[in-house]
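When we follow this note's numbering, the leftmost residue of the sequence shown carries the number 18, and every step to the right adds one.
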Amino acid sequence: MCFRGLSLRGMAVRCARLKLSIGLIVATGILSASPLTSSVCAQIGGGFGAIRVVGGVSISPEGVLRTATQEDQTLALSEMRAQLIGPQGQLNQPTERRLISLKNLQKIILSSIEQKKPLPEEVLFLGGLTRIENVFVYPERQDIVLAGPAEPWTVGVNGSVVGTKSGRPVVYLDDLLCALQTVNKARTTGISVSIEPTEEGVRNLERLQKQALSPNMNPKSLEPAMMQAFGPQQVKLEGLAPDSHMARVILAADYRMKLYGMNLAKAPVKGLPSYVEMIANKSSMSQLQSRWWMACDYSALEHSADRKAWKISGPGIKTLTEQDQVTAEGAFKQTGKVDGLARKWAELFTKKMDELAVKDPVFGELRNVMDLCIVAALIESQELQALANCNLSSIVGETSKVELAKCEVAKSLDPQCSFIQTVQGWVVTASGGVMVDSWQVASKVKVNDSISSGLESGVSWTNDDSIWQ
Numbered sequence: 018m019c020f021r022g023l024s025l026r027g028m029a030v031r032c033a034r035l036k037l038s039i040g041l042i043v044a045t046g047i048l049s050a051s052p053l054t055s056s057v058c059a060q061i062g063g064g065f066g067a068i069r070v071v072g073g074v075s076i077s078p079e080g081v082l083r084t085a086t087q088e089d090q091t092l093a094l095s096e097m098r099a100q101l102i103g104p105q106g107q108l109n110q111p112t113e114r115r116l117i118s119l120k121n122l123q124k125i126i127l128s129s130i131e132q133k134k135p136l137p138e139e140v141l142f143l144g145g146l147t148r149i150e151n152v153f154v155y156p157e158r159q160d161i162v163l164a165g166p167a168e169p170w171t172v173g174v175n176g177s178v179v180g181t182k183s184g185r186p187v188v189y190l191d192d193l194l195c196a197l198q199t200v201n202k203a204r205t206t207g208i209s210v211s212i213e214p215t216e217e218g219v220r221n222l223e224r225l226q227k228q229a230l231s232p233n234m235n236p237k238s239l240e241p242a243m244m245q246a247f248g249p250q251q252v253k254l255e256g257l258a259p260d261s262h263m264a265r266v267i268l269a270a271d272y273r274m275k276l277y278g279m280n281l282a283k284a285p286v287k288g289l290p291s292y293v294e295m296i297a298n299k300s301s302m303s304q305l306q307s308r309w310w311m312a313c314d315y316s317a318l319e320h321s322a323d324r325k326a327w328k329i330s331g332p333g334i335k336t337l338t339e340q341d342q343v344t345a346e347g348a349f350k351q352t353g354k355v356d357g358l359a360r361k362w363a364e365l366f367t368k369k370m371d372e373l374a375v376k377d378p379v380f381g382e383l384r385n386v387m388d389l390c391i392v393a394a395l396i397e398s399q400e401l402q403a404l405a406n407c408n409l410s411s412i413v414g415e416t417s418k419v420e421l422a423k424c425e426v427a428k429s430l431d432p433q434c435s436f437i438q439t440v441q442g443w444v445v446t447a448s449g450g451v452m453v454d455s456w457q458v459a460s461k462v463k464v465n466d467s468i469s470s471g472l473e474s475g476v477s478w479t480n481d482d483s484i485w486q
């Protein structure tokens with residue numbers, strides 16, 4: 018009999034106080050991790066109930082993470098669309114490059130706090146950015162500017178705020194602030210986000226399998242008992258506020274990948290079977306179990322000789338795999354080995370990431386989070402504030418004066434396992450994880466003099482009263 022795949026460990030995540038009355042929709046049933054629902058947790062035009070649903074999953078008042086009901090999703094979508102104002106003027110046009118001034122952003126945020134006024138949507142959604150591709154330093158105007166493609170925004174079918182042209186999620190102010198505030202933790206202690214089975218649950222399930230299962234038995238008849246034996250998985254967060262929007266994006270993406278891998282939900286893109294389906298007809302199986310995690314996938318950060326222009330490029334996310342061994346105590350021991358089919362599934366999941374980022378936007382939101390964490394690490398590691406003669410202490414690091422409001426915290430996960438029969442017995446599988454090692458990415462830099470031309474001829478700033486150009 019074979020016992021595998023109970024790893025739900027969401028790998029280390031190394032990425033990124035006055036409260037903001039910025040306003041976003043706080044609805045009881047929200048199916049995405051959009052800032053209208055869980056970002057700064059304020060309001061656009063009025064007060065709503067507690068936020069309990071992110072990335073297609075809900076969080077109960079007791080902190081239990083579950084798949085959101087269709088009723089919650091429909092209600093949330095209706096409320097969000099009713100509240101969203103939408104882009105105005107030039108923001109109604111897509112562009113290959115929009116500029117976001119961090120100096121002006123800090124100024125507008127502090128002014129909003131002082132005057133107790135909500136921030137406009139163009140600030141909440143950073144001018145409709147869908148990726149961050151460049152960072153520019155302006156010593157002459159004491160500013161650091163982010164740049165990337167941008168689109169008009171709307172509420173997508175899954176509840177995320179997305180670009181009207183590509184369908185990709187926009188970059189959220191809340192995630193930017195979180196990345197900037199936690200940048201030093203990312204360098205020192207790191208930030209970990211994980212969903213883990215308990216050792217007791219692993220031992221109980223293994224004991225039940227040995228006592229009750231046989232190769233000829235339909236495990237569906239024992240699923241209730243096996244679920245009870247396995248028990249709830251625990252959500253563990255370290256170094257990242259458990260009530261932050263960034264933590265919820267990472268957890269939701271981890272959870273969604275787990276569902277697709279375990280065949281508990283069908284992937285919304287063609288050509289992506291579950292790992293369980295791939296191993297169904299495997300003639301031989303290792304006694305080790307595979308785990309998967311999503312990690313950063315960027316090229317070396319290129320910069321001009323004067324370090325005033327930077328380029329961030331690469332797919333953003335890749336999926337990795339490794340095998341673990343379950344000890345007698347129910348703990349997990351890394352082996353450094355990789356199963357061939359597990360690698361194939363990881364490569365396929367990576368290949369489908371661009372499509373997933375649109376069809377299941379939480380993966381696009383995760384990629385945006387990774388972009389922002391790398392931007393934060395770049396600014397800090399390359400001392401760009403000093404280069405720009407720009408003081409962003411009100412929004413960067415532990416000295417930040419911006420306190421993000423609190424959201425519902427996920428503490429545990431209802432037990433979910435996938436059962437499938439192979440020639441060697443029954444397989445029990447569960448998997449998932451995320452890793453954002455932003456400082457490692459930011460440490461790999463190289464000179465590219467052609468980038469400076471973008472700063473000299475393609476980038477200008479004419480409005481000191483706006484965050485965008």
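Heads up, the beta-carbon is just placed ideally off N, CA and C, and yes, glycines get one too.
Q: Report the partner residues of Q250 according to the DSSP bridge assignment.
A: Residue mapping note: residue 250 aligns to position 233 of the sequence shown, counting from 1. Answer is L430, bridged to Q250.
**Q.** Where N406 falls, given that 16 or more other Cβ within 10 Å makes a residue buried
**A.** The sequence position of residue 406 within the sequence shown is 389, counting from 1. By the 10 Å Cβ count, N406 comes out exposed.
Q: Measure the Cβ-Cβ separation of K253 and E213 and say whether it is below 8 Å.
A: For the purposes of this step, residue 253 is taken as residue 236 along the sequence shown, with counting starting at 1. For the purposes of this step, residue 213 is taken as residue 196 along the sequence shown, with counting starting at 1. For the pair K253 and E213, the CB atoms are nearer than the 8 Å cut-off.
Q | H262 to D356 span [Cα, whole Å] | A | Counting from one through the sequence shown, the residue named residue 262 turns up at place 245. Counting from one through the sequence shown, the residue named residue 356 turns up at place 339. Their Cα atoms are separated by approximately 34 Å.
Q) Mapping DSSP to helix, strand and coil, what is I484? A) Along the sequence shown, read from residue 1 onward, the residue named residue 484 stands at position 467. Correct three-state label for I484: coil.
Q | Collapsed DSSP secondary structure at N175 in the structure displayed | A | One-based indexing of the sequence shown puts residue 175 at position 158. Coil, per DSSP.
**Q.** Euclidean distance between Cα positions of P166 and T112
**A.** What you label residue 166 is simply residue 149 of the sequence shown in a count that begins at 1. What you label residue 112 is simply residue 95 of the sequence shown in a count that begins at 1. Looking at the two C-alpha atoms, the distance is approximately 6 Å.
Q) How about P332 and G173: do their beta carbons lie closer than 8 Å? A) For the purposes of this step, residue 332 is identified with residue 315 of the sequence shown, where counting begins at 1. For the purposes of this step, residue 173 is identified with residue 156 of the sequence shown, where counting begins at 1. Contact: no.
Q. Which value, in whole angstroms, describes the spacing of the CA atoms of I161 and L401?
A. Position 144 of the sequence shown, counted from the first residue, corresponds to residue 161. Position 384 of the sequence shown, counted from the first residue, corresponds to residue 401. Cα-Cα distance, rounded: 8 Å.
Q) Three-state secondary structure (DSSP) at S211? A) As a first step, residue 211 must be located in the sequence shown, where it is residue number 194. Of the three classes helix, strand and coil, the one that applies to S211 here is strand, per DSSP.
Q) Hey, out of D371, A269, V140, V81, whose CA is closest to R185's CA? A) Walking along the sequence shown from the start, residue 185 turns up at place 168. Looking at the Cα atoms, D371 is the closest of the given residues.
Q.
Am I right that G425 and N201 are in contact with their C-beta atoms under 8 Å? What's the rounded C-beta distance?
A. Along the sequence shown, read from residue 1 onward, the residue named residue 425 stands at position 408. Along the sequence shown, read from residue 1 onward, the residue named residue 201 stands at position 184. It should be noted that the sequence gives Glu, not Gly, for residue 425. That belief does not hold up - the Cβ atoms of E425 and N201 are roughly 27 Å apart, past 8 Å.
Q: Would you mind giving the Cβ-Cβ distance between L383 and A196, rounded to the nearest angstrom? I have them listed as a contact below 8 Å.
A: If you number the sequence shown from 1, residue 383 lands on position 366. If you number the sequence shown from 1, residue 196 lands on position 179. Wrong, their Cβ atoms sit about 13 Å apart, outside the cutoff.
Q. First and last residue of the beta strand (DSSP E) that includes S118?
A. For the purposes of this step, residue 118 is identified with residue 101 of the sequence shown, where counting begins at 1. Element bounds for S118: 112-118.
Q | N- and C-terminal bounds of the alpha helix (DSSP H) containing V382 | A | Residue mapping note: residue 382 aligns to position 365 of the sequence shown, counting from 1. Going by the sequence as given, residue 382 is Glu instead of Val. E382 -> alpha helix (DSSP H) spans 379-398.
Q. Would you say L127 and L190 are within 8 Å of each other, going by their C-beta atoms?
A. Counting from one through the sequence shown, the residue named residue 127 turns up at place 110. Counting from one through the sequence shown, the residue named residue 190 turns up at place 173. Contact: no.
Q.
Which of the three DSSP states is assigned to V453 in this structure?
A. As a first step, residue 453 is located in the sequence shown; it is residue number 436 there, counting from the start. V453 falls in the coil class under three-state DSSP.
**Q.** Start-to-end residues for the alpha helix (DSSP H) that takes in L141
**A.** Working through the sequence shown from its first residue, we reach residue 141 at position 124. Residues 138-141.
Q: Go ahead and pull the three-state DSSP assignment for S401.
A: As a working mapping, residue 401 is identified with position 384 in the sequence shown. According to the sequence displayed, residue 401 carries Leu and not Ser. DSSP places L401 within a helical segment (H, G or I) once states are collapsed to three.
Q: List the whole-angstrom C-beta distance separating M452 from A258, where the pair is believed to meet the contact cut-off of C-beta under 8 Å.
A: Your numbering for residue 452 matches position 435 in the sequence shown. Your numbering for residue 258 matches position 241 in the sequence shown. Not confirmed; about 18 Å, so no contact.
Q: Could you please give the first and the last residue of the uninterrupted alpha helix (DSSP H) stretch that includes K361?
A: Here residue 361 is taken as the residue at index 344 of the sequence shown, counted from 1. Its alpha helix (DSSP H) spans residues 357-368.
Q: List the endpoints of the continuous beta strand (DSSP E) containing A326.
A: As a position in the sequence shown, residue 326 is number 309, starting the count at 1. Here the beta strand (DSSP E) through A326 covers 326-328.
Q.
Whether or not the stretch 149-161 and the stretch 119-135 are in contact is what I'm after, with contact meaning three or more pairs of Cβ atoms, one per stretch, closer than 8 Å; do they touch?
A. yes
Q | Assumed close pair G176, A93 - CB separation to whole angstroms, cut-off 8 Å | A | For this step, residue 176 is matched to residue 159 along the sequence shown. For this step, residue 93 is matched to residue 76 along the sequence shown. 6 Å between Cβ atoms; contact.
(Q) Check this for me: beta carbons of S321 and I468, under 8 Å apart or not? (A) Position 304 of the sequence shown, counted from the first residue, corresponds to residue 321. Position 451 of the sequence shown, counted from the first residue, corresponds to residue 468. Cβ atoms of S321 and I468: closer than 8 Å.
Q | Simplified DSSP state of M18, which is helix, strand or coil | A | Taking the first residue of the sequence shown as position 1, residue 18 is located at position 1. Residue placement at M18 is poorly supported in this model, since its pLDDT is 27, which falls under 50; the coordinates are not used for a value here.
Q: Have a look at L358, S183, M387 and flag the residue whose alpha-carbon is nearest the alpha-carbon of V266.
A: Against the sequence shown, residue 266 aligns to sequence position 249. The shortest C-alpha separation from V266 is found at M387.
(Q) Tell me which residues share the same chain as S411 and place their Cβ nearer than 8 Å to its Cβ, disregarding the 5 neighbours each side in the sequence. (A) Position 394 of the sequence shown holds residue 411. Q123, I126, L127, S417, K418, V419.
Q) For K335, which beta-bridge partners are listed by DSSP? A) Residue mapping note: residue 335 aligns to position 318 of the sequence shown, counting from 1. A312, per the DSSP bridge assignment.
Q. By the 10 Å Cβ neighbour count, where 16 or more other Cβ atoms means buried, how is E339 classified, buried or exposed?
A. Taking the first residue of the sequence shown as position 1, residue 339 is located at position 322. The residue in question, E339, is buried, as its Cβ has 16 or more Cβ neighbours within 10 Å.
Q. Exposed or buried, N385, counting other C-beta atoms within 10 Å across all chains shown (16 or more means buried)?
A. The residue you call residue 385 lines up with position 368 of the sequence shown. It counts as buried.
Q. Does the beta-carbon of A403 have 16 or more other beta-carbons within 10 angstroms, so that it is buried, or is it exposed?
A. On the sequence shown, residue 403 is found 386 positions in, with the first residue counted as 1. Around the beta carbon of A403, a 10 Å sphere encloses fewer than 16 other beta carbons of the protein chains shown; the residue is thus reported as exposed.
Q. Which whole-angstrom value is the C-beta distance of L430 and L82, which I expect to be below 8 Å?
A. Walking along the sequence shown from the start, residue 430 turns up at place 413. Walking along the sequence shown from the start, residue 82 turns up at place 65. Confirmed, Cβ separation roughly 5 Å.
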